[in-house]
Structure formats: C-alpha cells, structure tokens
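The next block holds one structure in the form of structure tokens; read it before the comments.
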Amino acid sequence: MTRMFLWVLCGLLISLKGWATESTTELFLKQYLNQSQAKTLWLNQPLKQRAAKILGHSYQGLRVRYWQDGARTAWILDEIGKEQPITTGIIVENNKIIAMQVLAYRESRGGEVQQDFFTKQFKELSLTQEDKLNKKIDGITGATLSVWALQKMARLALLFDTQKTAP
Amino acid sequence: MSKKVHWRLIILRWHRRIGLVLSVFLFWMLASGVLLNHSDDLSLHKRFMSNVKLLQWYGVAPPPRYQVFDINIDVTTDGLWLGQQNLGSCSKFLGIATLEQMSVIACAERIILLSNQAEVIDQIDEPRGLKQRFVAMSQQNQIVYLKDEHVIYQLNLDDLSVALVHPLQPLTWFKPSLPSTQISLERVLLDAHSGRLLGTWGKYLVDAFAIILFVLLMSGWWLAKKRHKI
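Laid out in structure tokens, this is it:
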C-alpha cells in the first residue's frame, strides 16, 4: 500500500514538474491545438487600415505571429488597457471565437477581465461586415478600459483569421 | 469720543486683498484642473519629464534614453517606450543592433524588430514563445548574438527564433542598462494640483488656501447681503 502511494506521489511530482516548466501560452495552445504550426501573417495596407479602425490607433507591428491546426487558428495579441499591454490568446475556427484567455495582465486595476465568467462571453462570436462583434459584451464596472481592450483584440483576431493561409 | 468702526469697509478691503493673493492660486488650480480633466485626450500620462532638476526633486535618476531613427527609446519601470508607444516590460535593456534594413532592440525578456522607419515589424516575448532570458547582446556585421546565463545564441531575423551557436571570434557585448522610474506630466500636474509637489507641507498649504477661499466666499456673501440692505 505504502509502495503504491509512493509511486502515485512520484507520478504526480513528475507531471507537476512538466506543467511548471511549460509557459501559460504553451499550455493554452496545447489545450486547443493538437499539432500547431507557427505561421506569420504580413499586414498589407488594407488590412492595416481595418486593424487601425478597430484599435483606434495603428497596429503595433507589420507582421503577426499565429499558430494553425487545420481550420483552427490561435492568435496571441497585445493591447493597452490604460497603461500596460494586456496579452491575450484567442482561438478562432470557422470565423468564430472558440476560446479566449488573458495570458498576461499587467494593469493595476481591472483584473476581473481574466475571469472565465467574462471571457466566456466571447465564445461563438463572429465579426459583422463593419468589423464589429455580432453580440454585445457585458462590461465590468471599474474595468472599462480592459474590457474595451479585450473586445478590440477579439475583433482583431477574427479579422486576421480571415487572412490566414491554407493549412 | 470713540471712532465708529466701519466693518463693511474693513471687510471689503481685506476681501479685495485676499482675492488678489488667491487669484494666482485659483488660476493655477483652474489651469491644472482643466488639464487633468482632459489628461487622456492630451496623453499626459504618456509625456515624460526629462528635466534633471525635477527628476532629482522626485528622487529618481533620469531613465536611460536611446535613439533609433530619430525616435527616443526610454527604458522605464513602466515598460520600454518607443516614442509614445509602450512596447511592454523591459527588466534589463541589452542594447540596439543597427542592421542594414532594420534594427533589433533586445531586453532580457523581449526582442523587438524595427524597420528603417522605426515601425515595429515584430516582437517576441514569453507569451509568444520566447523561452530564454537573456543577459547580453552583441552584433557582428549583420548577425545579432544574444546570450543567457549559460550559452550564446544567434538571432534569426525571419521569425525571431534563436539557435545555439559557438562564435569563432570573441564577441564584444553591449553594456546593458537597468530601467528607471518615469515621471509623467500627469503625475507632476496631479502633485502640483494637490500641493504634494512641495512635499508634506504642500498639501497643508493647499488646505490653508482652501480655508482662505472659504473666508473669501463668506466675506463676499456678507458684503453682498449688506449692500442689498442699504
């Protein structure tokens, strides 16, 4: 019995070690993509203009890194809430958001946007012809700027997904 | 024969004097208040003070500042600033490598690729898959080298990945610098508005002005009342 307990404990420690060395992004990608392939999307002028319209300022970068597994893509995007960039991972499939997760939150206020009850609202959302989300997102008092930042990133991921290359 | 005291005249005289002195204070409060009210529109939180004396007043050293294609790069505890863009955290600035068609900025936890127009082409950090934490950067011709605590890497500019390398010649490493606190114009205005810019006693001074302003209001109200009675 004691030996069995020790074996279980060893197994648990090994899996915990593996989990601890993996970054939040790796865990996020692993959760939603089976065999992801890292790709790069270069932003052309029309795409830059649409991105700038969504963000209210120009997109910070001329190319975007993303991961693809068949029709499913993963986007890691940054947007400033009030003062600091919020890093968010967004999974898109068939022009719809499958999952969204805040990977790094650096602002001093508004951390509630990291909670599942908020990010779940983005599930199944798609982009309208005006590059807006097709459903209203309920805000959080005291986290307005972070909520806006996440909405912008969701719209941006859906926009970029339309430009992905064939798997 | 006792002289009659004309309270109204005395109060009017003092009301005028106090009003004159307070006008300077009120003007400052009005101006700073209006500016703070539009802080976001004017991006006051993104405008940083470079005046050495003012920074010394706050007890902070001026943050390391570099230039790339005429745009300032400030290394602060709030992040790495390219002009007015916050590019993200930079716990240790490792340097700028200027190449033929682009530049590479490296921090301990982030690599940024800039075009010749100082536009961000791409960047990589831990959330985007960077696993190393670098301690120094070097450049030899058009090749950028980075090293962590143990080994040296060569940077691939196409995808910002790094590969282990054993350079044949010894490399000269850029001198890293640590970030410093930035003082924004918004912070200075807030401190000046509340009186904290003058230290602990500053806020009591503003309190005193507020009390005097109250006296001015009361005396003005009393004078107006008396005048209507005549």
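In order, the protein sequence lines correspond to chains A and B.
Counting the first sequence from 1 gives a position; our numbering is that position plus 541.
Counting the second sequence from 1 gives a position; our numbering is that position plus 10.
The beta-carbon is built from N, C-alpha and C at its ideal position, and this holds for glycine as well.
Given the structure is predicted, the values throughout are model-derived calculations rather than measurements.
Open item on the list: Between the alpha carbons of Arg-27(B) and Asn-96(B), how many angstroms are there, rounded?
Closed with: 48 Å
- [ ] Put Ile-193(B) into one of helix, strand or coil per three-state DSSP.
- [x] coil
Open item on the list: Between the segment 160-177 of chain B and the segment 196-207 of chain B, can you find at least three pairs of beta-carbon atoms closer than 8 Å?
Closed with: no
- [ ] Could you name the residues of chain A that His-55(B) contacts, counting a contact when the two beta carbons are closer than 7 Å?
- [x] Glu-624
TODO: Below 8 Å CB to CB, which residues in the same chain sit around Gln-576(A) once its five sequence neighbours on both sides are set aside?
DONE: Counting only residues of its own chain and dropping the five nearest sequence neighbours on each side, Gln-576(A) has a CB closer than 8 Å to the CB of Asp-610.
- [ ] Report buried or exposed for Ala-71(B), applying the criterion of at least 16 other Cβ atoms within 10 angstroms of its Cβ.
- [x] So Ala-71(B) counts as exposed.
Open item on the list: Any contact between the segment 642-652 of chain A and the segment 17-24 of chain B? By contact I mean 3 or more CB pairs, one from each, below 8 Å.
Closed with: no
- [ ] Decide if Trp-91(B) is buried, meaning its Cβ has at least 16 other Cβ atoms within 10 Å, or exposed.
- [x] buried
- [ ] Take Thr-614(A) and list the residues in its own chain whose beta-carbon comes closer than 6 Å to its own, dropping the five residues that flank it on each side.
- [x] By the criterion of a C-beta distance shorter than 6 Å, Thr-614(A) is surrounded in its chain by Tyr-607, Val-633, Asp-702, Lys-705, once the five residues flanking it on both sides are discounted.
- [ ] Could I get the ranges of all uninterrupted beta strand (DSSP E) runs contained in the segment 118-150 of chain B, with 3 residues as the minimum, in chain order?
- [x] Runs of the beta strand (DSSP E) lying entirely within the segment 118-150 of chain B, each at least 3 residues long, are 120-125, 130-135, 146-150 in chain order.
Task: CA nearest to the CA of Ser-229(B), picked from Lys-14(B), His-25(B), Val-15(B) - done: His-25(B)
Task: Proximal residues to Asn-675(A) (C-beta, below 8 Å), its chain only, five neighbours per side dropped - done: Leu-666, Ser-667, Leu-668, Thr-669
- [ ] Compare the C-beta of Lys-236(B) against all C-beta atoms of chain A and say whether one is closer than 9 Å.
- [x] no
TODO: Quick one: grab the DSSP three-state call for Ile-617(A).
DONE: strand
Task: Cα-Cα separation between Ser-125(B) and Ser-113(B), rounded to whole angstroms - done: 6 Å
TODO: Take Gln-578(A) and list the residues in its own chain whose beta-carbon comes closer than 6 Å to its own, dropping the five residues that flank it on each side.
DONE: Gln-609
Open item on the list: Counting only Cβ-Cβ distances shorter than 8 Å, please list the residues of the segment 119-131 of chain B near chain A, keeping chain order.
Closed with: From the segment 119-131 of chain B, only Ser-125, Glu-129, Val-130, Ile-131 have a Cβ closer than 8 Å to chain A.
Task: In DSSP terms, what Ala-202(B) is bridged to - done: DSSP lists no partner for Ala-202(B).
- [ ] Anything in chain A within Cβ reach of Glu-136(B), meaning under 7 Å, just list it in chain order.
- [x] Ser-564
Open item on the list: Counting only beta-carbon separations shorter than 9 Å, does Asp-88(B) have a partner in chain A?
Closed with: yes
Open item on the list: Only counting the same chain, and skipping five residues up and downstream in sequence, which positions put a Cβ closer than 8 Å to that of Asn-635(A)?
Closed with: Ala-612
Task: Span of the alpha helix (DSSP H), counted from its first residue to its last, around Thr-682(A) - done: Segment: none, Thr-682(A) is in no alpha helix (DSSP H) and carries neither H nor E.
TODO: Using the Cα positions of Ser-187(B) and Ile-222(B), report the straight-line distance between them to the nearest angstrom.
DONE: 49 Å
Task: Within-9 Å CB hit, Leu-603(A) to chain B - done: yes
- [ ] Could you tell me which chain B residues have their CB closer than 8 Å to the CB of Leu-644(A), listed as they occur along the chain?
- [x] Pro-137
TODO: Verify the CB distance criterion: does Asp-702(A) have a CB-CB separation below 9 Å to chain B?
DONE: No, Asp-702(A) does not count as interfacial toward chain B.
- [ ] With distances taken Cα to Cα, identify the nearest neighbour of Pro-626(A) among Leu-140(B), Ser-99(B), Gly-93(B).
- [x] The shortest Cα separation from Pro-626(A) among Leu-140(B), Ser-99(B), Gly-93(B) belongs to Ser-99(B).
Open item on the list: Here's the rule I'm using: 16 or more other beta-carbon atoms within 10 Å means buried, otherwise exposed. How should Trp-583(A) be labelled?
Closed with: exposed
Open item on the list: Against Asn-166(B), what residues of chain A qualify as contacts under a CB-to-CB distance less than 9 Å, listed in chain order?
Closed with: Residues of chain A with a Cβ closer than 9 Å to the Cβ of Asn-166(B) do not exist, since the nearest Cβ in that chain sits about 12 Å away.
Open item on the list: On the DSSP letters alone, give me the boundaries of the alpha helix (DSSP H) that Asp-657(A) sits inside.
Closed with: According to the DSSP assignment, Asp-657(A) belongs to the alpha helix (DSSP H) that extends over 657-660.
Open item on the list: For a test of the three-state rule: what should DSSP assign to Asp-69(B), helix, strand or coil?
Closed with: Note that residue 69(B) is Gly in the sequence shown, not Asp. Residue state, collapsed to three classes: coil.
- [ ] Would you kindly work out how many angstroms separate the C-alpha atoms of Leu-46(B) and Phe-58(B), rounded to a whole number?
- [x] Going by the C-alpha atoms only, they are around 15 Å apart.
Open item on the list: Give me the chain B residues within the contact set of Thr-581(A), using Cβ-Cβ distance strictly less than 9 Å, ordered along the chain.
Closed with: Asp-132, Asp-168, Asp-169
Task: Run of the alpha helix (DSSP H) containing Tyr-573(A), from where it starts to where it stops - done: 565-573
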